[in-house]
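Numbering (the numbering used here), first residue to last: 60 to 518.
All remarks here apply to the structure that follows.
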């Protein structure tokens with residue numbers, strides 16, 4: 060058996076120690092203020108020490124602890140630089156690495172699921188994992204037909220560890236909140252917990268990946284590896300090399316950053332329109348930059364991995380998102396407010412000033428207004444600070460808005476993608492992607508407007 064559960068008592072003890080550590084540092088911070096140190100300086104140092112402990116513990120564990128850490132990692136752009144800097148490397152590790160399970164455990168799972176002669180399915184199989192994540196690890200191999208493959212092996216006990224960790228983390232979500240300004244931690248943990256069974260089902264993952272692989276098979280910009288074989292606890296797909304997005308974030312050229320950012324935005328909005336599915340785990344470990352393929356006018360394509368979590372959107376992204384975004388850009392405060400009310404973003408018991416709602420939304424949708432926009436950590440931090448500051452009108456208004464369940468995952472994926480774009484520091488033509496792929500963003504033409512355009516063309 061795997062040591063993933065790490066004896067449930069040990070895992071629980073590590074996670075339970077987090078709030079105790081937070082409380083101890085809070086006492087330390089109070090003492091520093093009593094002896095005259097600046098509250099702002101003490102606050103920053105306290106946040107930094109707390110964050111370092113949090114990500115150290117999450118990085119040592121797999122399961123839900125690591126899943127939660129990966130979800131948080133894309134929001135590091137929102138943190139003050141003096142806090143984010145010291146543990147950015149730890150966050151990057153969470154995106155792609157975890158302690159591997161023993162080789163004997165891997166072989167046991169392969170024998171149980173593929174049969175005693177599983178080695179005959181491979182011309183080559185590397186015992187050392189090439190990547191390890193929250194519920195499984197990936198091994199490089201060569202399939203019996205000569206194709207290079209990635210073999211994802213699920214950790215025994217992964218489901219138990221996921222649920223246990225997330226339940227434990229939810230108990231002190233309030234203490235974690237201040238680490239990532241503007242991000243509500245409790246709904247994030249709840250949503251991760253609600254999707255545990257889906258992520259553990261490699262059959263569902265294989266189905267979602269096949270749909271994407273077929274749709275993007277000849278795409279010049281996006282590549283998805285095909286599924287080779289799937290059974291319980293095992294998923295074999297075509298191998299995808301390339302440059303991990305985490306490396307582009309750390310050392311990439313500006314050209315690579317901009318290209319990766321553009322394609323990431325394109326995939327976010329085009330994926331649901333083309334497949335009816337939203338890839339819902341957009342952290343850098345799940346993306347690669349690949350050399351441009353046949354017919355590509357660019358040097359790089361975006362490789363996309365891990366379809367374990369998807370949102371099923373048969374009609375693509377909901378039209379109200381595009382309509383409200385367009386009306387916000389056009390300054391139609393009353394129409395935006397009416398649409399938000401009808402979709403449940405404003406509860407019936409609450410009445411807000413439409414102009415105040417518009418003022419709240421405009422800074423957030425700034426990237427969609429310009430022909431191109433440069434996403435930066437500074438911009439992300441300013442947005443997070445504006446919403447998180449209890450003294451600001453934006454904070455007070457934001458607390459009164461509601462996020463309907465149907466939009467929860469879409470909201471998280473969009474925020475996470477924006478976080479990655481800010482990590483890249485990419486200049487992106489976001490409006491171009493919205494006009495092409497987001498339903499409702501481009502107003503539908505009336506019969507009269509079409510007639511007028513035709514008349515003008517004839518003239």
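Here a beta-carbon is modelled for each residue, glycine too, at the ideal position from N, C-alpha and C.
Assuming residue 524 contacts residue 434 under a Cβ cut-off of 8 Å, what Cβ separation, rounded to an integer in Å, is found between them?
Only positions 60 to 518 of the chain appear in the structure, and residue 524 is not among them; the question remains open.
Segment limits, beta strand (DSSP E) that includes residue 205 = It is not in any beta strand (DSSP E) - residue 205 carries neither H nor E in the DSSP assignment.
* Is the region 275-293 in contact with the region 395-406, if contact means three or more CB pairs nearer than 8 Å? -> no
Checklist entry - Does DSSP put residue 213 in a helix, a strand or coil? => result strand
Quiz prompt | Per-residue DSSP class, three states only, for residue 424 | solution = coil
Practice task
Mind checking which residues open and close the beta strand (DSSP E) that includes residue 360?
Solution key: 359-363
ask   = Is the region 205-215 touching the region 294-302, taking contact as three or more C-beta pairs under 8 Å?
value = yes
Practice problem: Using alpha carbons as the reference points, say which of 202, 166, 167 and 168 lies closest to residue 183. | Solution: 202
Excluding the five sequence neighbours on either side, which residues of its own chain have a C-beta within less than 8 Å of the C-beta of residue 351, listed in chain order? 279, 357, 358, 359 and 360
Review point. Out of 342, 270, 273 and 271, which has the shortest C-alpha to C-alpha gap to residue 303?
Key: 342
Exercise. By DSSP, does residue 366 sit in helix, in strand, or in coil?
Worked result: coil
For my contact list, residue 371 and residue 420 are in at a C-beta cut-off of 8 Å; report their separation, rounded to the angstrom. Rounded, the Cβ-Cβ distance is 27 Å, inconsistent with contact.
(Q) Going by DSSP in three states, residue 292 sits in which element: helix, strand or coil? (A) coil
Practice prompt. Give the DSSP bridge partners of residue 486, in chain order.
Written response: 433
> At a cut of 8 Å, does the region 450-457 reach the region 269-285 through at least three beta carbon pairs?
Replying inline: no
Under DSSP, the beta strand (DSSP E) around residue 179 begins and ends at which residues?
Run containing residue 179: none; DSSP gives neither H nor E here.
Straight-line gap, residue 194 to residue 301 (C-alpha atoms, nearest Å): 23 Å
Threshold first: 4 residues or longer. Then list the alpha helix (DSSP H) segments lying entirely within the region 439-470, N to C. 452-459
### Assigned exposure category for residue 345 - 16 Cβ within 10 Å defines buried
buried
Task: residue 406 beta carbon near the ligand MG (any heavy atom closer than 7 Å) - done: Here there are no bound small molecules, and the ligand MG is not part of this structure.
Next on the checklist: Just to confirm my understanding: we take residue 488, look at its own chain, exclude 5 residues before and 5 after, and list those with CB closer than 6 Å. What are they?
Outcome noted: 431
message: Tell me which residue opens and which closes the beta strand (DSSP E) that residue 382 is part of.
response: Premise fails: residue 382 lies in the alpha helix (DSSP H), 378-388, not in any beta strand (DSSP E).
Give the DSSP-derived three-state secondary structure of residue 250 in the structure shown.
helix
Open item on the list: Between which residues of its own chain and residue 388 is the CB-CB distance below 8 Å, once the five residues before and five after are set aside?
Closed with: 424, 427 and 428
Report task. Hey, could you find the ends of the alpha helix (DSSP H) residue 326 is sitting in? Result -> 313-334
C-alpha distance - residue 284 paired with residue 458, whole-angstrom precision:
42 Å
Handout entry: Where residue 374 sits in the DSSP three-state scheme
Key = coil
Check your understanding: Could you give the distance in angstroms between the alpha-carbon of residue 306 and the alpha-carbon of residue 413?
Key -> 43 Å
With three or more C-beta pairs closer than 8 Å as the rule, is the region 173-187 touching the region 260-274? no
- Return helix, strand or coil for residue 222, following the three-state DSSP convention. helix
| query | Which residues in the same chain as residue 329 place their Cβ atom closer than 7 Å to its Cβ, once the five residues preceding and following it in sequence are excluded? | reply | 496
In angstroms with no decimal places, state the Cα-to-Cα distance between residue 402 and residue 369.
22 Å
Cβ neighbour criterion (16 or more within 10 Å) applied to residue 163: exposed
Pull up the distance between the alpha-carbon of residue 188 and that of residue 212, whole angstroms please.
10 Å
Got a sec? Which residues, its chain only, sit under 7 Å from residue 349 by beta carbon, not counting five neighbours each side?
282, 301, 359, 360 and 362
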